[in-house]
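Residue numbers (our numbering): 7 to 62.
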């Protein structure tokens, strides 16, 4: 058996992830930006560009 650690963080995931080394996580669950629904967040990514943006 191994210890499972659960931590909930709130903030800009691009900034928070900089605090951890590469290959640290097995899984991250995040709230997606819902493409272009929030015009002031995530640079107003268009729905057609969302998948490419999300995986980079």
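By construction, the Cβ of each residue, glycine as well, lies at the ideal position given by its N, Cα and C atoms.
Endpoints, the alpha helix (DSSP H) within which residue i is located
i: residue 20; result: 19–22
i: residue 10; result: Taken as a continuous stretch (DSSP letters only), residue 10 belongs to no alpha helix (DSSP H), as it is neither H nor E.
Contacts around residue i, its chain only, beta-carbon distance under 7 Å, and the 5 residues preceding and following it disregarded
i: residue 30; result: none
Reduced DSSP secondary structure (H/G/I, E/B, other) of residue i
i: residue 58; result: helix
Spatial neighbours of residue i in its chain, beta-carbon cut-off 8 Å, leaving aside the 5 residues before and after
i: residue 54; result: none
For residue j and residue i, the rounded distance between their alpha carbons
i: residue 12; j: residue 18; result: 18 Å
i: residue 36; j: residue 15; result: 10 Å
i: residue 23; j: residue 34; result: 10 Å
Cβ of residue i within 8 Å of any chain C Cβ
i: residue 32; result: Although the question refers to chain C, the structure presented lacks it and comprises just one protein chain.
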